[in-house]
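Student: One structure is given below, represented as structure tokens, and several questions about it will come after.
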Amino acid sequence: MTGPRIGVDVGGTFTDVTLVTGDGELVTAKVPTTADQSEGVIAGIRKACDDAGVDPSAVSEFTHAMTVSVNALLERGGARTALVTTEGFGDVLEIGRQTRPDLYDLDAEKPAPLVPRRRRYEVAERATLDGIETPVDPDDVRAIAADLRESGVESVAVAFLHAYAHPENERRAAELLREELDVPVSASHEVLAEFREYERTATTAVDAYVTPAIDAYVGRLEARAAELGVPAPRIMQSNGGIADARTVRDKAVTTVLSGPAAGVVGANRAAERVRADRDLAGLVTFDMGGTSSDVSLVRDGRAERTTDASVGGVPVRVPMVDVHTIGSGGGSLAWVDSGGALRVGPESAGAEPGPACYGKGGERATITDANVVLGYVGASTALGGELELDEAAARDALAALADEAGLDSPLAAARGVYEVANAKMIRAIRSVTVERGYDPRAFGLVAFGGAGPMHAAPLADALGVDTVVVPVAGGVLSAYGLLDADEKHDAVRTRLTPLAEADPDEVDADLAALRAAALADVADGADAAVRLSADCRYAGQSFELEVSIPESFDPDAVRERFHDAHERAYGYRVDEAVELVTLRATARVERGVDDTAYEAGGDSLLGTREAAFGDAVYETEIHDRLALAPGDAVDGPAVLEQAESTTVVAPEWRATVQADGTAVLTRGADR
Numbered sequence: 163m164t165g166p167r168i169g170v171d172v173g174g175t176f177t178d179v180t181l182v183t184g185d186g187e188l189v190t191a192k193v194p195t196t197a198d199q200s201e202g203v204i205a206g207i208r209k210a211c212d213d214a215g216v217d218p219s220a221v222s223e224f225t226h227a228m229t230v231s232v233n234a235l236l237e238r239g240g241a242r243t244a245l246v247t248t249e250g251f252g253d254v255l256e257i258g259r260q261t262r263p264d265l266y267d268l269d270a271e272k273p274a275p276l277v278p279r280r281r282r283y284e285v286a287e288r289a290t291l292d293g294i295e296t297p298v299d300p301d302d303v304r305a306i307a308a309d310l311r312e313s314g315v316e317s318v319a320v321a322f323l324h325a326y327a328h329p330e331n332e333r334r335a336a337e338l339l340r341e342e343l344d345v346p347v348s349a350s351h352e353v354l355a356e357f358r359e360y361e362r363t364a365t366t367a368v369d370a371y372v373t374p375a376i377d378a379y380v381g382r383l384e385a386r387a388a389e390l391g392v393p394a395p396r397i398m399q400s401n402g403g404i405a406d407a408r409t410v411r412d413k414a415v416t417t418v419l420s421g422p423a424a425g426v427v428g429a430n431r432a433a434e435r436v437r438a439d440r441d442l443a444g445l446v447t448f449d450m451g452g453t454s455s456d457v458s459l460v461r462d463g464r465a466e467r468t469t470d471a472s473v474g475g476v477p478v479r480v481p482m483v484d485v486h487t488i489g490s491g492g493g494s495l496a497w498v499d500s501g502g503a504l505r506v507g508p509e510s511a512g513a514e515p516g517p518a519c520y521g522k523g524g525e526r527a528t529i530t531d532a533n534v535v536l537g538y539v540g541a542s543t544a545l546g547g548e549l550e551l552d553e554a555a556a557r558d559a560l561a562a563l564a565d566e567a568g569l570d571s572p573l574a575a576a577r578g579v580y581e582v583a584n585a586k587m588i589r590a591i592r593s594v595t596v597e598r599g600y601d602p603r604a605f606g607l608v609a610f611g612g613a614g615p616m617h618a619a620p621l622a623d624a625l626g627v628d629t630v631v632v633p634v635a636g637g638v639l640s641a642y643g644l645l646d647a648d649e650k651h652d653a654v655r656t657r658l659t660p661l662a663e664a665d666p667d668e669v670d671a672d673l674a675a676l677r678a679a680a681l682a683d684v685a686d687g688a689d690a691a692v693r694l695s696a697d698c699r700y701a702g703q704s705f706e707l708e709v710s711i712p713e714s715f716d717p718d719a720v721r722e723r724f725h726d727a728h729e730r731a732y733g734y735r736v737d738e739a740v741e742l743v744t745l746r747a748t749a750r751v752e753r754g755v756d757d758t759a760y761e762a763g764g765d766s767l768l769g770t771r772e773a774a775f776g777d778a779v780y781e782t783e784i785h786d787r788l789a790l791a792p793g794d795a796v797d798g799p800a801v802l803e804q805a806e807s808t809t810v811v812a813p814e815w816r817a818t819v820q821a822d823g824t825a826v827l828t829r830g831a832d833r
């Protein structure tokens, strides 16, 4: 692409935009997120183009990440969905697994299934691992379709037992339902051709549940983009790769973690030079936005991926960037529980009315209000480049919280909110590092999002991390990551067999089919590379590890790679039989964004104000982040301000500006 490129990421509070011109100039913008996200997206594109002096019709590529799917799941605002399944298995969604997240909580309540019992239909059909035992009766399916038509369902999920191995019955039932009904039909062998009936059924139900919302949203966005003269959007998927609009409309479940995945891609790109220069083992990415914080891990230059995730208590087993999310963002509300303890989140003030300091009518204290009272964000700071803050309203909100919590001042309440929020984030980072056998002290911390750089230094102190990277586009880094994300498509199929008994010719045939399926969604297959892998386990184990496999299947090579992977993950290997469980193919087309120009302008020092760090209050320098030139260093305590985010340099820390504008924070003797 030679013309301007645009990336737009929708968050809970703000919609972020990055535009890179053909000359390498980076222009960013932030606008409030709208109820219909497409309206805010178009407003953001117009603003970025106006700021860059670019006509929207000159834009050569538009890449997008949104929260439509995850919002539908978390808020239970998806489609009125029905489930058609094998006779005797209608309650699979409700029964779930024996494991419970709150084993000792006597009042714990399981999330309600996405499909209630009254909309679950059973069919007298049966497939086994060996083939079809009982063919599906077309008349039974047509009778169900007639009932569904009368009930007004908006989508249908079809999940038959063992359809991952023999999909003939499920394929026939889905075809009949598509002929009879004018609603989307999701079939499990198309959504997730893997064993484990609960996870496969649940993921298929998620796809059906969010498909109407995704289809309608992408359709509106395509129409509005066309009116503006902008190309049709390419959409970020949960796996960290982009796809065209048609593909995601057909596979809506792949967009559930669209935005967080883009942030990890952007963090990896922005910090790759620092990681190499400092010989870091990897990166911990920390994205703190308006409603939540996302933590992930990058090793060997690649984001960690998982197929074992849940959203809103529902399993979603498609490949995705491994992101740990907590309900603690700038707009998270602070409150006092029944025991008198100060708590933060997960409830959020959202965009309307937002934190008290936004001056839109919010009265309850949030993390952003605490940062205002602490002095990290000043009354003159313009969030998003246009939202001026009401410091008095923030102080009033914290005063009310202090009264409720029995604290002596708004400042004491602000310190408490800040520390409680940080404690939650530290636990999240430990969950992706220490709990998985990685020492965070060997990693760098990449802090971004509107609020991430305000909290990064104390998190790093607590974890023993010496290097914090704050990208120059840190406030809109997910939008920046959209410009660097590769195109990526996955295909999967379970093939459960002892590795020693696997027929190489049969496995190669399966791999060839998976390769073709992954390539079928690629815009230009000539540019694609395909990575093949297998999920394996020791006989008797319940969970698998993914290992790469050669172009031509070699059981001995796969076995040795699995032994090595198991030893890395768990510290040991055993002389036990290895099982081949699932085959995977990922087609990838490399994309990227060139280095963008960074030019500092003018004197960076804006003045000083009082800011609290720990129990002390310091007269703190306030700098214009974008006026700091490469090589400039600022010792803490200091605050670096820019329109999209604020970086807090704590005492004993130093911020040094790199050639591309990235600020690297180092502490103590490492400065």
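So for the sequence shown, this note's numbering puts the first residue at 163; every next one is plus one.
C-beta: ideal position from N, C-alpha, C; glycine also.
1. Once you ignore the five residues that flank Arg833 on each side, which residues in its own chain have a CB closer than 7 Å to its CB?
2. So the alpha helix (DSSP H) Tyr580 belongs to, where does it begin and stop?
3. Note down the Cα distance separating Val436 from Gly636, rounded to an integer number of angstroms.
4. Enumerate in chain order the residues of its own chain whose CB-to-CB distance from Gly239 is below 6 Å, with the five nearest sequence positions on each side excluded.
5. Does any heavy atom of the ligand COA sit closer than 8 Å to the C-beta of Ala555?
6. Just reading off the alpha helix (DSSP H) that Glu729 is part of, what are its end residues?
7. With a threshold of 16 other CB atoms inside 10 Å of the CB of Ala671, please say whether the residue is buried or exposed.
8. Which residue from Glu201, Val627, Tyr642, Ser458 puts its Cα closest to that of Leu179?
9. Just the C-alpha distance for Pro508 and Pro517, rounded to the nearest angstrom, thanks.
10. Quick one: complete alpha helix (DSSP H) runs, 4+ long, within the stretch 347-417?
11. Just the C-alpha distance for Val506 and Ser231, rounded to the nearest angstrom, thanks.
12. Measure the alpha-carbon distance for Thr530 versus Gly793 and round it to whole angstroms.
13. So, Ser714 versus Pro660, is the Cβ gap smaller than 9 Å?
14. Do Ala367 and Val303 count as a contact pair if the criterion is CB distance below 9 Å?
15. Hey, His328 and Ala289 are a contact pair by Cβ (cut 8 Å); roughly how many whole angstroms apart?
16. Classify Glu550 as helix, strand or coil using the three-state DSSP reduction.
17. Quickly, what does DSSP pair Leu745 with across the bridge? List them, please.
18. Counting Cβ pairs, one atom from each stretch, are 3 or more of them under 8 Å apart for the stretch 394-407 and the stretch 615-626?
19. With respect to the beta strand (DSSP E) encompassing Ile784, which residues constitute its N-terminal and C-terminal limits?
20. Checking the sheet assignment: what are the DSSP bridge partners for Pro194?
21. Can you give me the C-alpha to C-alpha distance between Leu573 and Ile168, rounded to a whole angstrom?
22. Count the other C-beta atoms from every protein chain shown that fall within 10 angstroms of the C-beta of Tyr520, then say buried if there are 16 or more, exposed otherwise.
23. Counting pairs of Cβ atoms below 8 Å between the stretch 308-320 and the stretch 334-353, do you hit three or more?
24. Let me make sure I understand the geometry here. Which of Leu495, Ala429, Ala762, Gly502 has the alpha-carbon closest to that of Gly463?
25. I need the straight-line Cα distance from Glu201 to Lys522, nearest angstrom please.
26. What first and last residue would you give for the beta strand (DSSP E) that runs through Ser458?
27. Touch check for the stretch 376-390 and the stretch 649-659: three-plus C-beta pairs under 8 Å?
28. Tell me where the beta strand (DSSP E) around Asp797 begins and ends.
29. Let me know the secondary structure DSSP gives Arg167 once reduced to three states.
Tutor: So, from the listed chains and residues:
1. Your numbering for residue 833 matches position 671 in the sequence shown. Low local confidence applies: a pLDDT of 48 at Arg833 is under 50, so the model's placement there is unreliable, with the coordinate-based value given in what follows. Closer than 7 Å at Cβ, skipping near neighbours: Arg816.
2. Locating residue 580 in the sequence shown gives position 418, where the first residue counts as 1. Where Tyr580 is concerned, the enclosing alpha helix (DSSP H) stretches over 572-594.
3. Position 274 of the sequence shown, counting from 1, holds the residue named residue 436. Position 474 of the sequence shown, counting from 1, holds the residue named residue 636. Computed Cα separation, rounded: 15 Å.
4. Counting from 1 along the sequence shown, the entry for residue 239 is found at position 77. Cβ neighbours of Gly239 beyond the five flanking positions: none.
5. This structure lacks the ligand COA, and indeed carries no ligand of any kind.
6. Numbered from 1 along the sequence shown, position 567 holds the residue referred to as residue 729. Where Glu729 is concerned, the enclosing alpha helix (DSSP H) stretches over 717-732.
7. Locating residue 671 in the sequence shown gives position 509, where the first residue counts as 1. Taking all protein chains in view, the Cβ of Ala671 is surrounded by fewer than 16 other Cβ atoms within 10 Å, so the residue is classified as exposed.
8. Along the sequence shown, one-based indexing puts residue 179 at 17. Per the sequence presented here, residue 179 reads as Val, with Leu not at that position. When only C-alpha atoms are compared, the closest one is Tyr642.
9. By one-based count along the sequence shown, residue 508 stands at place 346. By one-based count along the sequence shown, residue 517 stands at place 355. Spanning the two alpha carbons is a distance of roughly 14 Å.
10. 350-353, 359-390, 407-412
11. In the sequence shown, counting from the first residue as 1, residue 506 sits at position 344. In the sequence shown, counting from the first residue as 1, residue 231 sits at position 69. Going from the Cα of Val506 to the Cα of Ser231 covers about 25 Å.
12. The residue given as residue 530 occupies position 368 in the sequence shown. The residue given as residue 793 occupies position 631 in the sequence shown. Their backbone Cα atoms lie some 30 Å apart in a straight line.
13. For the purposes of this step, residue 714 is taken as residue 552 along the sequence shown, with counting starting at 1. For the purposes of this step, residue 660 is taken as residue 498 along the sequence shown, with counting starting at 1. The answer is no: Cβ separation not under 9 Å.
14. Working through the sequence shown from its first residue, we reach residue 303 at position 141. Working through the sequence shown from its first residue, we reach residue 367 at position 205. No. Outside cutoff.
15. The residue given as residue 328 occupies position 166 in the sequence shown. The residue given as residue 289 occupies position 127 in the sequence shown. Sure, about 4 Å apart at Cβ, within 8 Å.
16. Within the sequence shown, residue 550 is the residue found at index 388, counting from 1. Strand at Glu550.
17. Reading the sequence shown from its first residue, position 583 is the one you call residue 745. Partner(s): Arg655, Ala696.
18. no
19. Against the sequence shown, residue 784 aligns to sequence position 622. Element bounds for Ile784: 778-786.
20. Taking the sequence shown and counting its residues from 1, one reaches residue 194 at position 32. Answer by DSSP bridge pairing, in chain order: Phe176.
21. Along the sequence shown, one-based indexing puts residue 573 at 411. Along the sequence shown, one-based indexing puts residue 168 at 6. Spanning the alpha carbons of Leu573 and Ile168 requires a straight line of approximately 41 Å.
22. For the purposes of this step, residue 520 is identified with residue 358 of the sequence shown, where counting begins at 1. So Tyr520 ends up on the buried side.
23. yes
24. Indexing the sequence shown from 1 puts residue 463 at position 301. For the residues Leu495, Ala429, Ala762, Gly502, the minimum Cα distance to Gly463 belongs to Ala429.
25. If you number the sequence shown from 1, residue 201 lands on position 39. If you number the sequence shown from 1, residue 522 lands on position 360. Cα to Cα, Glu201 sits roughly 20 Å from Lys522.
26. One-based indexing of the sequence shown puts residue 458 at position 296. Residues 455-461.
27. no
28. Mapped onto the sequence shown, residue 797 falls at position 635. Element bounds for Asp797: 795-797.
29. Walking along the sequence shown from the start, residue 167 turns up at place 5. Looking at Arg167 - three-state DSSP - the assignment turns out to be strand.
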